[in-house]
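The block underneath contains the structure these notes are about, expressed in structure tokens.
Dropping the structure here:
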């Protein structure tokens, strides 16, 4: 087991890298009551792990179709389940699943009896490198993702390689988008390394993936530790996300991979950075080529310029303008306030026309 500890607002978060799922169970205390909020589909694929949880006496609250059910109704049902089973503020909640589950679990933990301790066991690459790190919790409200939420750190996050084995190519790439994003806001060298090792990454080479995950988590952990409440540099982690959230809102009836929306969002942010004269052509080409080394399937994603723009206006990060994270250079992100609605709307329309040719 390998641990990384970072602090945000004097709160210490322990990240444990484990070889096998059984190690997680061995680390649970016999003196606490645990309630596991679990993705039902993922739990079914890891029946031995489920049996070990039950043997340990853990309560299990299963969520079907987690992304669709990350809402107030499921939140209320989880609270009622915990109350019915006598969970108190000294007990512990555990999130087991992808990003939707880790988001939901964190929000339940932050508000149940004004806050109880919780652990995260992220089972997707996306959740391992992004959703479970940083203390952001939330549920969707209507068609708006993560509109209701809080900042609340888990006491511990277990990163277990076993759970990645069940991911298909597109599920894997869904998570890898955040690794790519972290490289783009960090350095050219980081982007070039991902491009150079793309074949090993696609083959899920263990050593390469461990290095990628550790480096990606380190990047995010350092940013979060310096700006837990997202007042400054943490906003750079939203690179590509304002566009992406607009894309996801358009596709709310048939939810798409968050990571695929982020990839398109980053392509939009990169092109907008170039068109506004901030990002040079060679850096734009490097970033675009890096993404091009990975076989993202965008065939089921609907792109409507008007709807994307309207959803972007509702982004909670906006003030009077639409706030975008753009790049002056790979590794040099900044906040750009776009006050011209027409200019941005025209760009989105032109981008979609080129992207869908």
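Numbering (my numbering), first residue to last: 8 to 364. Ideal Cβ positions, reconstructed from N, Cα and C, are used throughout, including at glycine. The model shown is predicted, which means the values in this text are computed figures rather than measured ones.
Can you tell me whether DSSP reads residue i as helix, strand or coil?
{"i": "residue 17", "result": "Low per-residue confidence applies at residue 17: pLDDT is 43, beneath 50, and the placement is therefore not dependable enough to give any value."}
{"i": "residue 336", "result": "strand"}
{"i": "residue 371", "result": "Since the first residue of the chain shown is 8 and the last is 364, residue 371 is not available in this structure."}
{"i": "residue 362", "result": "helix"}
{"i": "residue 298", "result": "helix"}
{"i": "residue 23", "result": "strand"}
{"i": "residue 130", "result": "coil"}
{"i": "residue 219", "result": "helix"}
{"i": "residue 347", "result": "coil"}
{"i": "residue 58", "result": "helix"}
{"i": "residue 355", "result": "helix"}
For my contact list, residue i and residue j are in at a C-beta cut-off of 8 Å; report their separation, rounded to the angstrom.
{"i": "residue 128", "j": "residue 165", "result": "5 Å"}
{"i": "residue 300", "j": "residue 205", "result": "4 Å"}
{"i": "residue 79", "j": "residue 132", "result": "Incorrect: roughly 28 Å between the Cβ atoms, too far for contact."}
{"i": "residue 186", "j": "residue 257", "result": "Not a contact, Cβ separation roughly 25 Å."}
{"i": "residue 295", "j": "residue 274", "result": "7 Å"}
Which value, in whole angstroms, describes the spacing of the CA atoms of residue i and residue j?
{"i": "residue 194", "j": "residue 336", "result": "9 Å"}
{"i": "residue 351", "j": "residue 147", "result": "26 Å"}
{"i": "residue 59", "j": "residue 97", "result": "22 Å"}
{"i": "residue 362", "j": "residue 320", "result": "22 Å"}
{"i": "residue 237", "j": "residue 32", "result": "33 Å"}
{"i": "residue 182", "j": "residue 48", "result": "18 Å"}
{"i": "residue 18", "j": "residue 231", "result": "Here the model assigns residue 18 a pLDDT of 45, short of 50, so the residue's position is not dependable, and the following value carries that caveat. Taking the straight line from one Cα to the other gives about 11 Å."}
{"i": "residue 291", "j": "residue 338", "result": "12 Å"}
{"i": "residue 252", "j": "residue 43", "result": "28 Å"}
{"i": "residue 45", "j": "residue 169", "result": "16 Å"}
{"i": "residue 262", "j": "residue 102", "result": "21 Å"}
{"i": "residue 346", "j": "residue 332", "result": "14 Å"}
{"i": "residue 70", "j": "residue 76", "result": "7 Å"}
{"i": "residue 152", "j": "residue 196", "result": "33 Å"}
{"i": "residue 16", "j": "residue 235", "result": "Caution applies to residue 16, whose pLDDT of 49 falls short of 50 and renders its modelled position unreliable; the model cannot decide the point."}
Looking at the secondary structure, which residues open and close the beta strand (DSSP E) in which residue i lies?
{"i": "residue 41", "result": "41–46"}
{"i": "residue 193", "result": "Premise fails: residue 193 is in no beta strand (DSSP E) and is neither H nor E."}
{"i": "residue 163", "result": "163–167"}
{"i": "residue 66", "result": "66–70"}
{"i": "residue 152", "result": "151–158"}
Within the continuous alpha helix (DSSP H) that includes residue i, where are the two ends?
{"i": "residue 100", "result": "Unbroken run through residue 100 is the beta strand (DSSP E), 99–104; no alpha helix (DSSP H)."}
{"i": "residue 278", "result": "265–282"}
{"i": "residue 246", "result": "Residue 246 -> no alpha helix (DSSP H), and no H or E assigned at all."}
{"i": "residue 148", "result": "No alpha helix (DSSP H) contains residue 148, which is instead part of the beta strand (DSSP E) from 143–148."}
{"i": "residue 312", "result": "312–320"}
Practice task
Decide if the region 264–276 is in contact with the region 299–316; the criterion is three or more beta carbon pairs, one per stretch, under 8 Å apart.
Solution key: Taking 8 Å as the limit for Cβ pairs, the verdict is that the region 299–316 does touch the region 264–276.
Handout entry: Three or more C-beta pairs below 8 Å linking the region 247–266 and the region 209–220
Key = Segments in contact, no.
Practice task
Tell me, please, whether the region 84–100 touches the region 116–123 by the rule of three or more beta-carbon pairs shorter than 8 Å.
Solution key: Contact between the region 84–100 and the region 116–123 is established, with three or more Cβ pairs separated by less than 8 Å.
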